[in-house]
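Mapping of the sequence shown onto my numbering: residues 1 to 173, in sequence order.
Even for Gly, the Cβ is constructed at its ideal location relative to N, Cα and C.
Keep in mind the model is a prediction, meaning the values are calculated, not measured.
This report refers to the structure that appears directly beneath it.
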Amino acid sequence: MRRFSSLPISALALSLFIAACASDEQQPPERSGATSFCEESPGTSVYAEAFDEYMVGLAPTPRRFLNAAGTASALPEAGFSGIQRTGPAYLYPGDPAQRQAVLDKLSSVGAWPTLLVLWRGNEVVDDTTIAIRLAGHYVGGVDDGKHAPVKAMYFACDTVPWQYIRTTEEPAP
Numbered sequence: 001m002r003r004f005s006s007l008p009i010s011a012l013a014l015s016l017f018i019a020a021c022a023s024d025e026q027q028p029p030e031r032s033g034a035t036s037f038c039e040e041s042p043g044t045s046v047y048a049e050a051f052d053e054y055m056v057g058l059a060p061t062p063r064r065f066l067n068a069a070g071t072a073s074a075l076p077e078a079g080f081s082g083i084q085r086t087g088p089a090y091l092y093p094g095d096p097a098q099r100q101a102v103l104d105k106l107s108s109v110g111a112w113p114t115l116l117v118l119w120r121g122n123e124v125v126d127d128t129t130i131a132i133r134l135a136g137h138y139v140g141g142v143d144d145g146k147h148a149p150v151k152a153m154y155f156a157c158d159t160v161p162w163q164y165i166r167t168t169e170e171p172a173p
C-alpha cells in the first residue's frame, strides 16, 4: 500500500492560503455604508468657508451680523461660529420688543451695514457633494430691508477633505 506524504498537501494548502490573503490586501477597502469617501460630515471649517463665500460680492459690505435666534432661519452652531470670526455677531430674537432692544443698541454704536443672515439649509447633492444655502437682508440704517441674494455654496469630498468648488446664486423664495 502506498502512503502519501502530508507535506506536499500541507504546502499546497499553505500556498493557497497565502495567495488568498495577498489578493485580499490588493482589494479596495469596502465603504461599510458610508455615503462618501470622507468619513466625517462637514465640520465647522466648511460652514465658515461657506459663509466667507456667501459674503463675496455683497453690497454694501456688512460690518456686523445677526442670527435669527429661535426660528427655522437660525444658523446652526457651526455656521454662527463662522460669522463670529468675521465680525461682531448678535442674536436677533423673534420677540419684537427684544428685537427692538438689539436694533437700538446697534444704532447707538454706529450706522454700519448690518446683515441678518438666514439659514436656508444644506443638501446632500450626491455621494460626494453637498450644498449649503444662505440668504439675508439688511437690518437698520439706510439699507434697512434690502435683500441679500440666496446663494448655494457647493463642497465636494472624494479622496480629500471637503473642498469648496463653486457658488451659485438662486432665485429668492
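{"Query": "Other residues of its chain near serine 73: CB distance less than 6 Å, five sequence neighbours each side excluded", "Result": "Leu118 and Trp119"}
{"Query": "Collapsed DSSP secondary structure at leucine 58 in the structure displayed", "Result": "coil"}
{"Query": "Beta-carbon proximity list for tryptophan 112, same chain, < 7 Å, skipping 5 on both sides", "Result": "Arg63 and Arg64"}
{"Query": "Isoleucine 165 in three-state terms, based on DSSP", "Result": "strand"}
{"Query": "Residues bridged to isoleucine 130 [DSSP beta-bridge criterion]", "Result": "Val124 and Phe155"}
{"Query": "DSSP three-state assignment for leucine 75, whether helix, strand or coil", "Result": "coil"}
{"Query": "Burial state of lysine 105, where buried means 16 or more other Cβ atoms lie within 10 Å", "Result": "exposed"}
{"Query": "Cβ-Cβ distance between proline 42 and isoleucine 165 below 9 Å", "Result": "no"}
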